[in-house]
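To start, the structure under review is shown below, and the notes come after it.
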Amino acid sequence: MRRQPIQWGKWITGFITALVLVFLHIPILIVIVFSFSDSTVISFPIDHFTTKWYSRVFFEPGGEKLRAALLNSLEVATVATLTSCVLGTMSAFAVQRYRFFGRSFFRVAVAVPLLLPGVVTGIALLVYFRMIGIRQGMTAVMIGHITFCFPVVFNTIAARVARLPRSLEEAAADLGANFLQRWTRVVFPSIFSAMLSGGLLAFTLSLDEIVVTYFLASGSTTLPVAIYTGLRTGFKPDNLAIVTCIIAVSGLLILLSQWLVRERR
Amino acid sequence: MAETSKRKGLGFWASFLPGFTWMTAFYFVPLGALLAYSFYTHDRRTQKDLPIFTLDSFRWIFSSPTNIQVFLRTLRIALTVTVIDVVVAFPVAYFLAFYAGRFKHMLLLLVLLPLWSSYLVRIYSWTLILNSSGVLNWLLLKLGILDHPSPDFIYNTFAITLVLCYAWLPFMILPLTSALERLPRRVLEAAADLGAGPVRTFRKVVFPLVLPGLLAGCVSVFSLSTGDYVTADLVGSGSSVVGKLIFDRFGTAANWPQSAALSLCVMLVLFIVFGILSRFGAFD
């Protein structure tokens, strides 16, 4: 039997990978640990552990602002996700099923919001809204969120539609299915998981966005902006408590969307 | 493509127009508005922005050495972050693509997960780590490397660079991994058969083939670092980077045309960088 030489490449890159994975996750664990800290100043190691911040944020007086912001966030994220899903699905079909002038330009142009920083999107929408007379507020925030969610949903669904053979729809049409039947029985079931996965991505993106929202909101705002304005003035363990809950929820949503995409592979 | 139809009827317009109209009305026209607004006149006395053409905002940007410094510092940070992320991401992507085997999906998910957990948390966490009474100082005191807590880890360019490297690392690992995955094994074997050593194989075979994936990662990391505001605000000091400067002209100093002009400059710089990188295949 021939002896295997030691695979140095495998061990070295494997070691670096392990270190990087630890590096990627430690800061998140640290925030979770600090959310149970009894102290109101940053101090480590933590002396006393408590769950009081969690109960304050969700049930007691003192957490109203964060609770209101959470509801705003969920509302904005829901509207942004649903709207960008509808718009994204339509555009994905337009781009994959038809040839038209400027088709490849449209595909690139639509990806621009993903390439440019949020500061540019935020300021551009802000000055535009001022010019045409839309005031800062939740409507403006929703419009902004739909705009940056659209490319994400569009890309996810367009990739799926590209692999969806047109012959399926044609076969259904030959068998006498009308437009509605073709959509509900053939097209929709085959792109549903892509819509769901793109939608979940859009939902978490919206739930996490700070910069665009910061420019477009006034007074009442979304959760990340509320947490951010709280945190930049000092250490606020109650903010960390609600953040920990968000990490848990969005982590679950992402695992779910990954699982949905894998189903179809 | 045989599956695309040439005849454009109601179906095309009904599916094309809603998305197109939305993005035009709420993205492309606003970018035009940004361009226009950067030439508006800001009336200091009334604090109003008037639609009268002026080059004042651009004059302000280019006549002040501080602004130029901020721009150069931002670009230097973004470049440093991009280079460090390439160096760190490469071995990780290599391991994931070639050695991870049946653990690949799980490990890729572990890379992806922090990206979507919460952007704010991942950045804020570093104030808990780098603070003079934070985790890092505690660790260094325990290990006997420091005698007393150091305040020098945070509120400077070093902290911004470190945190940006951390925040955008997954954006480099993911495209690199898929580029390496597409690399045919037999090409590597052929290089070895023809007598190329590991270094030569890497330089002449691996690197040119994964360059588009690498550059795609660079585009994301560079762009996100150039436009960053939250990191600079939480772990940096003063108006140290462009993103922070834009916010300050918007908030405290309230001169929107200057903010607009600064954003326009950021956009132009990024478009130039994208243009150069696309020549090497970054958007293929």
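Line by line, the protein sequences give chains V and P. For what it's worth, our numbering labels the leading residue of the first sequence as 1, then goes sequentially. For what it's worth, our numbering labels the leading residue of the second sequence as 1001, then goes sequentially. For every residue, glycine included, the Cβ atom is placed at its ideal position computed from N, Cα and C. None of the values given here were measured: they were computed from a predicted structure.
Quick one: is Ser91 (chain V) near chain P, going by C-beta distance under 9 Å? Residue numbering aside, residue 91 (chain V) sits at position 91 when the first sequence is read from its first letter. Chain P, which has a Cβ nearer than 9 Å to the Cβ of Ser91 (chain V), makes this yes.
Around the Cβ of Ala1014 (chain P), are there at least 16 other Cβ atoms within 10 angstroms (buried) or fewer (exposed)? On the second sequence, position 14 is the one that residue 1014 (chain P) refers to. With fewer than 16 other Cβ atoms within 10 Å, it is exposed.
Enumerate, from N- to C-terminal direction, the unbroken alpha helix (DSSP H) stretches of 4 or more residues contained entirely within the region 1097-1178 of chain P. 1104-1117, 1119-1130 and 1135-1142
Nearest-angstrom Cβ-Cβ length linking Val1121 (chain P) and Val243 (chain V), presumed shorter than 8 Å: As a working note, residue 1121 (chain P) is residue 121 in the second sequence. As a working note, residue 243 (chain V) is residue 243 in the first sequence. That belief holds up - the Cβ atoms of Val1121 (chain P) and Val243 (chain V) are roughly 5 Å apart, short of 8 Å.
Which residues in the same chain as Gly1236 (chain P) place their Cβ atom closer than 6 Å to its Cβ, once the five residues preceding and following it in sequence are excluded? Within the second sequence, the letter at position 236 stands for residue 1236 (chain P). So the qualifying residues of the chain are Ile1160.
How close, in whole Å, do the beta carbons of Asp238 (chain V) and Trp11 (chain V) come, if the pair is a contact with beta carbons under 8 Å? Position 238 of the first sequence, counted from the first residue, corresponds to residue 238 (chain V). Position 11 of the first sequence, counted from the first residue, corresponds to residue 11 (chain V). Their Cβ separation, rounded to whole angstroms, is 45 Å, which puts Asp238 (chain V) and Trp11 (chain V) out of contact at 8 Å.
In whole angstroms, give me the CA-to-CA distance for Ile1052 (chain P) and Thr1041 (chain P). Numbered from 1 along the second sequence, position 52 holds the residue referred to as residue 1052 (chain P). Numbered from 1 along the second sequence, position 41 holds the residue referred to as residue 1041 (chain P). About 5 Å.
To the nearest angstrom, how far is it from the Cα of Gly1238 (chain P) to the Cα of Ile1068 (chain P)? Taking the first residue of the second sequence as 1, we reach residue 1238 (chain P) at position 238. Taking the first residue of the second sequence as 1, we reach residue 1068 (chain P) at position 68. So the alpha carbons of these two residues sit roughly 15 Å apart.
Report the neighbours of Met1023 (chain P) on chain V: residues whose CB is nearer than 8 Å to its CB, in chain order. To locate residue 1023 (chain P), count along the second sequence from 1; it is residue 23. Near Met1023 (chain P) (Cβ distances below 8 Å), the residues of chain V are Ala109, Val110, Thr147 and Phe150.
For Lys10 (chain V), report the span of its alpha helix (DSSP H) as first-last. Residue mapping note: residue 10 (chain V) aligns to position 10 of the first sequence, counting from 1. In the DSSP annotation of this structure, the continuous segment of the alpha helix (DSSP H) that includes Lys10 (chain V) starts and ends at Trp8 to Phe34.
What's the gap between the Cα of Ala194 (chain V) and the Cα of Phe150 (chain V)? For the purposes of this step, residue 194 (chain V) is identified with residue 194 of the first sequence, where counting begins at 1. For the purposes of this step, residue 150 (chain V) is identified with residue 150 of the first sequence, where counting begins at 1. If I take the Cα positions, the gap works out to 14 Å.
With a threshold of 8 Å (Cβ to nearest heavy atom), would Cys245 (chain V) be considered close to the ligand SAM? As for the ligand SAM, it is missing from this structure, which has no ligand bound.
Count the C-beta pairs between the region 215-230 of chain V and the region 1126-1138 of chain P that are closer than 8 Å, then say yes if the count reaches three, no if not. no
Indicate whether at least one CB of chain P lies closer than 9 Å to the CB of Gly14 (chain V). Residue numbering aside, residue 14 (chain V) sits at position 14 when the first sequence is read from its first letter. Chain P, which has a Cβ nearer than 9 Å to the Cβ of Gly14 (chain V), makes this yes.
Going by C-alpha to C-alpha distance, which of V:Ser197, V:Ala158, V:Ser43 and V:Gln96 sits closest to Leu256 (chain V)? The residue you call residue 256 (chain V) lines up with position 256 of the first sequence. Comparing Cα-Cα distances from Leu256 (chain V) to each of V:Ser197, V:Ala158, V:Ser43 and V:Gln96, the minimum goes to V:Ser197.
Report the option in V:Val187, V:Gln7 and V:Ser35 whose CA atom is closest to the CA atom of Lys236 (chain V). Here residue 236 (chain V) refers to the residue found at position 236 of the first sequence. The candidate whose alpha carbon is nearest that of Lys236 (chain V) is V:Ser35.
Looking only at its own chain, which residues have a Cβ that is under 7 Å from the Cβ of Val57 (chain V), when we skip the five neighbours before and after it? Position 57 of the first sequence, counted from the first residue, corresponds to residue 57 (chain V). Closer than 7 Å at Cβ, skipping near neighbours: Gly63, Leu66, Asp238, Ala241 and Ile242.
Is it the case that the region 1095-1109 of chain P contacts the region 207-223 of chain V, given that we only count it when at least three CB pairs across the two stretches are under 8 Å? The answer is no - the region 1095-1109 of chain P does not touch the region 207-223 of chain V, with fewer than three Cβ pairs under 8 Å.
Beta carbon of Thr83 (chain V), beta carbon of Pro1030 (chain P): below 9 Å? Working through the first sequence from its first residue, we reach residue 83 (chain V) at position 83. Working through the second sequence from its first residue, we reach residue 1030 (chain P) at position 30. In this structure, Pro1030 (chain P) does not lie closer than 9 Å to Thr83 (chain V) by Cβ.
Minimum C-alpha distance to Trp1022 (chain P) - residue among V:Gly144, V:Arg163 and V:Thr156: As a first step, residue 1022 (chain P) must be located in the second sequence, where it is residue number 22. Of the candidates V:Gly144, V:Arg163 and V:Thr156, the one whose C-alpha sits nearest the C-alpha of Trp1022 (chain P) is V:Gly144.
Nearest neighbour of Leu1174 (chain P), chosen from P:Leu1215, P:Leu1162, P:Ala1190 and P:Phe1207 [CA to CA]: Indexing the second sequence from 1 puts residue 1174 (chain P) at position 174. The shortest Cα separation from Leu1174 (chain P) among P:Leu1215, P:Leu1162, P:Ala1190 and P:Phe1207 belongs to P:Leu1215.
Could you give the residue range of the beta strand (DSSP E) that holds His48 (chain V)? The sequence position of residue 48 (chain V) within the first sequence is 48, counting from 1. Counting along the chain, His48 (chain V) falls outside any beta strand (DSSP E), and DSSP gives it neither H nor E.
Sequence-distant residues of its chain with Cβ nearer than 7 Å to Ile42 (chain V) (five each side left out): As a working mapping, residue 42 (chain V) is identified with position 42 in the first sequence. Hits under 7 Å: Phe235.
Ser197 (chain V) versus chain P: which residues are under 9 Å apart at the beta carbon? Position 197 of the first sequence, counting from 1, holds the residue named residue 197 (chain V). Those do not exist, as Ser197 (chain V) stays about 12 Å from chain P at its closest Cβ, beyond 9 Å.
Nearest neighbour of Trp1126 (chain P), chosen from V:Ile16, V:Ile247, V:Ala18 and V:Ile28 [CA to CA]: As a working mapping, residue 1126 (chain P) is identified with position 126 in the second sequence. Minimum Cα distance to Trp1126 (chain P) is reached at V:Ile28.
Quick one: what's got a C-beta closer than 7 Å to Gly268 (chain V)'s C-beta in the same chain, skipping five residues either side? Residue 268 (chain V) is absent from the model: chain V starts at 1 and stops at 265.
Expressed to the nearest angstrom, what Euclidean distance is found between the alpha-carbon atoms of Leu1176 (chain P) and Asp1085 (chain P)? On the second sequence, residue 1176 (chain P) is found 176 positions in, with the first residue counted as 1. On the second sequence, residue 1085 (chain P) is found 85 positions in, with the first residue counted as 1. Straight-line Cα distance between these residues: approximately 11 Å.
Considering only the alpha carbon of each residue, which of P:Val1269, P:Ala1254 and P:Pro1170 lies closest to Arg1044 (chain P)? Within the second sequence, the letter at position 44 stands for residue 1044 (chain P). Considering only alpha carbons, the answer is P:Ala1254.
If you run the structure through DSSP and keep just helix, strand and coil, what is Asp1228 (chain P)? Counting from one through the second sequence, the residue named residue 1228 (chain P) turns up at place 228. In the structure shown, Asp1228 (chain P) sits in coil (DSSP, three-state: anything other than H, G, I, E or B).
DSSP state of Leu223 (chain V) mapped onto helix, strand, coil: Stepping through the first sequence from its first residue, residue 223 (chain V) is reached at position 223. Secondary structure at Leu223 (chain V): helix, using DSSP grouped into helix, strand and coil.
Could you spell out where the beta strand (DSSP E) holding Lys1048 (chain P) opens and where it closes? Taking the second sequence and counting its residues from 1, one reaches residue 1048 (chain P) at position 48. Residues Lys1048 to Leu1050.
Does Gly123 (chain V) have its Cβ less than 9 Å from a Cβ in chain P? Reading the first sequence from its first residue, position 123 is the one you call residue 123 (chain V). First, the amino acid is wrong: residue 123 (chain V) is Ile here, not Gly. It does; some Cβ of chain P falls within 9 Å.
Mind pulling the chain P residues with CB within less than 9 Å of Phe10 (chain V)? Position 10 of the first sequence, counted from the start, is the residue given in the question as residue 10 (chain V). Note that residue 10 (chain V) is Lys in the sequence shown, not Phe. By Cβ distance, chain P contributes Phe1095, Phe1098 and Tyr1099.
Do you know offhand how far Ala248 (chain V)'s Cα is from Ile26 (chain V)'s? Against the first sequence, residue 248 (chain V) aligns to sequence position 248. Against the first sequence, residue 26 (chain V) aligns to sequence position 26. Their Cα atoms are separated by approximately 15 Å.
The alpha helix (DSSP H) with Asp1193 (chain P) in it runs from where to where? Locating residue 1193 (chain P) in the second sequence gives position 193, where the first residue counts as 1. Start and end: Arg1185 to Asp1193.
Just to confirm, are Pro1184 (chain P) and Asp1284 (chain P) a CB contact at a threshold of 9 Å? As a position in the second sequence, residue 1184 (chain P) is number 184, starting the count at 1. As a position in the second sequence, residue 1284 (chain P) is number 284, starting the count at 1. In this structure, Asp1284 (chain P) does not lie closer than 9 Å to Pro1184 (chain P) by Cβ.
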